[in-house]
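Residue numbers (this note's numbering): 6 to 116.
The next block holds one structure in the form of structure tokens; read it before the comments.
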């Protein structure tokens, strides 16, 4: 049972490292939590001489947890307005109106 806990904890620890590196927000908390729980269970099932690897798993998962929480608390996501894009849209609308007026005047001349 200890080996199963270690294998699963290792898998979720690697997954939590990947999720922590990617900009997924708090989605990384799920594999981090699972790796912490499974690492703790592996730690409890280990004898004194076998506790080194579960400790490493717990430390890595704890560091990932700190990084994810830090990223969520200290990074601000701001949406800035793109003034140049807004001006391009306005110019495009004005050009479209002019083209419609020209088409209407051509239509009037044909009648």
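Glycine included, each C-beta is placed from N, C-alpha and C at the ideal position.
These figures come from a predicted structure and were not determined experimentally.
Going by DSSP in three states, residue 81 sits in which element: helix, strand or coil?
Position 76 of the chain shown, counting from 1, holds the residue named residue 81. It is coil, neither helix nor strand.
Expressed to the nearest angstrom, what Euclidean distance is found between the alpha-carbon atoms of residue 62 and residue 55?
Here the question's residue 62 lines up with position 57 in the chain shown. Here the question's residue 55 lines up with position 50 in the chain shown. Rounded to whole angstroms, residue 62 to residue 55 spans 13 Å at the Cα level.
Measure the alpha-carbon distance for residue 77 versus residue 108 and round it to whole angstroms.
Position 72 of the chain shown, counting from 1, holds the residue named residue 77. Position 103 of the chain shown, counting from 1, holds the residue named residue 108. For residue 77 and residue 108, the distance between alpha carbons rounds to 54 Å.
For the alpha helix (DSSP H) that contains residue 8, what are its first and last residues?
Stepping through the chain shown from its first residue, residue 8 is reached at position 3. Unbroken alpha helix (DSSP H) run through residue 8: 7 to 26.
Rank 28, 32, 86 and 36 by C-alpha distance to the C-alpha of residue 66 and give the top, closest one.
On the chain shown, residue 66 is found 61 positions in, with the first residue counted as 1. Measuring from the Cα of residue 66, the nearest candidate turns out to be 36.
What distance in whole Å lies between the Cβ atoms of residue 33 and residue 15, which are believed to be in contact at a cut-off of 8 Å?
Here the question's residue 15 lines up with position 10 in the chain shown. Here the question's residue 33 lines up with position 28 in the chain shown. About 16 Å separates the two Cβ atoms, so there is no contact after all.
Hey, residue 84 and residue 31: beta-carbon distance below 8 Å or not?
The count along the chain shown starts at 1 and reaches residue 84 at position 79. The count along the chain shown starts at 1 and reaches residue 31 at position 26. Contact flag unset, no.
Which of the three DSSP states is assigned to residue 101 in this structure?
For the purposes of this step, residue 101 is taken as the residue at position 96 of the chain shown. Residue 101: helix per DSSP, three-state reduction.
Going by DSSP, what residue range makes up the alpha helix (DSSP H) through residue 30?
Residue 30 sits at position 25 when you count from the first residue of the chain shown. No alpha helix (DSSP H) holds residue 30; DSSP gives it neither H nor E.
Go ahead and label residue 26 buried or exposed: buried means 16 or more other beta carbons lie within 10 angstroms of its beta carbon, across all protein chains shown.
What you label residue 26 is simply residue 21 of the chain shown in a count that begins at 1. Residue 26 comes out exposed.
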